[in-house]
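*Asks:*
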Amino acid sequence: MAVALASTDRLASLAGRRPTLATLCSHSSLQIFHGARTEGFATLGLCIGAPPRFYDAFPLARPDRFLSVPTAKDLPSVAERLRSDGAIIVPHGSFVEYVGADRFAEIDVPVFGNRAVLAWESDRRKERDWLDIAGVPMPKRYEEPSEIDGPVIVKYYGAKGGKGFFLAKNREALADFRPTGPYVIQEYVLGTRYYMHFFYSPLSDRGYRVGHGSLELLGMDRRDEANIDELYKLGAQEELLKAGIRPTFVVTGNVPVVLRESLLPKAFDVAARIVESSIDLFGGMVGPFCVEGIMTEDLEFKVFEISTRIVAGTNLFISGSPYSDLVAPALSTGRRIAQEIHRGETEGRLAEILS
Ligand code: ATP
């Protein structure tokens, strides 16, 4: 049965008009604007300060209009203006991070997707509970350093892009560990990383059925992470440390990957479980999400993170990916978002995909 995420009040600004798709000029905005324009929507670029000049270099992805605010924290204050423009906000990772999850959840403008997901995603413990309930394999978590029985990764909360994370080969290596803030200690999973770009449509009634809609796989990438990805060149972490360099995981780019075809059932099973438990826990996640995990040599896929909106790795696939090409031609995640909004409009079902 369909779930209404948005109240009639929330959607009042869209009544009887074609919406404008708005997002913050950063992260995956070129793709979002390009997809929206391809599907015939007007577009609005929200920017901090003057409109970024690089948009002039990409005429097919430049928004029709810009709206500037002094800082990201000021975005909620232009809500009335956005409503009067008939805007729907399309969130992306940087949008939520810059505005802050709490403030973003309160913005009084229709947002694509279910904003209730923010409370589950922005808190590492809650995210783990969600994945636990979904029955998804995850890296083991150690409550105390004394429990450690193998290599671990220590993650500070809110360490964006993995900055400040570090690895320890064993318990002894953490003997002198003095935390500088809240953290978790996780099993360091040895294997190959995959960042899988899924899309859940509650409106679709065909394809790979999950919940009351269907699940699509639109692409896959691996992140280039400085400086850990260069670790092999120095031989071992100790060598880096001896050189006075702490390994970090700061994302600097993305490369396309595909999964062994025989592992696709596993990927879909994990993603479907995450969607199904989201429906039970908070009315369901809508639209793009990314399952981030490590395939071990025993072909077990351990999920270390989910991102519940469009991820920057999808920027690789503006004209399609080896997966989205098998769904529809030239289908980016940005375009898929616009298509979903278009369908919601046409079928009078926007309340199921906006909040
Ligand atoms: P972001 O928000 O940018 O996704 P983050 O700060 O939430 O980053 P994670 O995504 O949890 O951090 O991890 C950052 C990187 O650390 C991953 O991309 C991966 O390379 C590595 N990593 C995280 N957890 C593990 C693990 N348990 N085992 C091995 N590597 C891991």
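Sequential numbering of the sequence shown, starting at 723, is according to the working numbering.
A virtual CB, placed ideally from N, CA and C, is assigned to each residue, including glycine.
None of the values given here were measured: they were computed from a predicted structure.
Please name the residue or residues paired with A764 in a DSSP beta bridge.
*Replies:* Answer by DSSP bridge pairing, in chain order: T742.
*Asks:* I think Q753 touches T1036, with their Cβ atoms under 8 Å apart; what is that distance to the nearest whole Å?
*Replies:* The pair is a contact, with the Cβ atoms about 6 Å apart (cut-off 8 Å).
*Asks:* By the three-class DSSP mapping on this structure, what secondary structure does V725 have?
*Replies:* Coil, per DSSP.
*Asks:* Return the residue from the list V791, L782, R759, V1033 that minimises the CA-CA distance to A772.
*Replies:* The shortest Cα separation from A772 among V791, L782, R759, V1033 belongs to V791.
*Asks:* Going by the CB atoms, is the gap between V812 and I1028 shorter than 8 Å?
*Replies:* No, the Cβ-Cβ distance between I1028 and V812 is not below 8 Å.
*Asks:* Would you give the residue range spanned by the alpha helix (DSSP H) that P987 belongs to?
*Replies:* Segment 986-1004, the alpha helix (DSSP H) holding P987.
*Asks:* Where does A1073 sit, in a helix, a strand or coil, going by DSSP?
*Replies:* Note: A1073 maps to helix in three-state DSSP.
*Asks:* DSSP has F1011 in a bridge; who is on the other side?
*Replies:* F920, per the DSSP bridge assignment.
*Asks:* At which residues does the alpha helix (DSSP H) containing I855 begin and terminate?
*Replies:* Per DSSP, I855 belongs to the alpha helix (DSSP H) from 846-856.
*Asks:* Using only the alpha-carbon positions, how far apart do T970 and F887 sit?
*Replies:* The alpha-carbon atoms of T970 and F887 are separated by roughly 6 Å.
*Asks:* For P901, which of L912, T914, K877, Y922 has the nearest alpha-carbon?
*Replies:* Measuring from the Cα of P901, the nearest candidate turns out to be K877.
*Asks:* Look at the Cβ atom of S923, then the Cβ atom of G941, and state whether they are nearer than 8 Å.
*Replies:* Contact: no.
*Asks:* Quick one: using the 10 Å Cβ neighbour count with 16 as the cut-off for buried, is D854 buried or exposed?
*Replies:* Exposed is the call here.
*Asks:* For A801, which three-state DSSP category applies?
*Replies:* Correct three-state label for A801: helix.
*Asks:* Just to confirm the assignment, what range does the alpha helix (DSSP H) spanning E894 have?
*Replies:* It is not in any alpha helix (DSSP H) - E894 carries neither H nor E in the DSSP assignment.
*Asks:* What's the gap between the Cα of G872 and the Cα of E894?
*Replies:* Those two C-alpha atoms are separated by around 10 Å.
*Asks:* Could you check whether the Cβ of S750 sits closer than 7 Å to any heavy atom belonging to ligand 1?
*Replies:* Not under cutoff, so the answer is no.
*Asks:* Enumerate in chain order the residues of its own chain whose CB-to-CB distance from D778 is below 8 Å, with the five nearest sequence positions on each side excluded.
*Replies:* Within the same chain, D778 has close Cβ partners R784.
*Asks:* To the nearest angstrom, how far is the alpha carbon of G1015 from that of D851?
*Replies:* Each residue's Cα considered, the two are about 16 Å apart.
*Asks:* Which same chain residues end up closer than 6 Å to E938 when comparing Cβ atoms and leaving out the 5 residues on each side of it in sequence?
*Replies:* Cβ within range, chain order: F921, V1049.
*Asks:* Could you spell out where the alpha helix (DSSP H) holding Y879 opens and where it closes?
*Replies:* Here Y879 belongs to no alpha helix (DSSP H), and DSSP marks it neither H nor E.
*Asks:* Assuming V1033 and Y917 make a contact with CB atoms under 8 Å, what is their CB distance in whole Å?
*Replies:* Contact flag correct, Cβ pair sits at about 7 Å.
*Asks:* Between V911 and K795, which are expected to be in contact by the criterion C-beta below 8 Å, what is the C-beta distance as a whole number of angstroms?
*Replies:* That belief does not hold up - the Cβ atoms of V911 and K795 are roughly 36 Å apart, past 8 Å.
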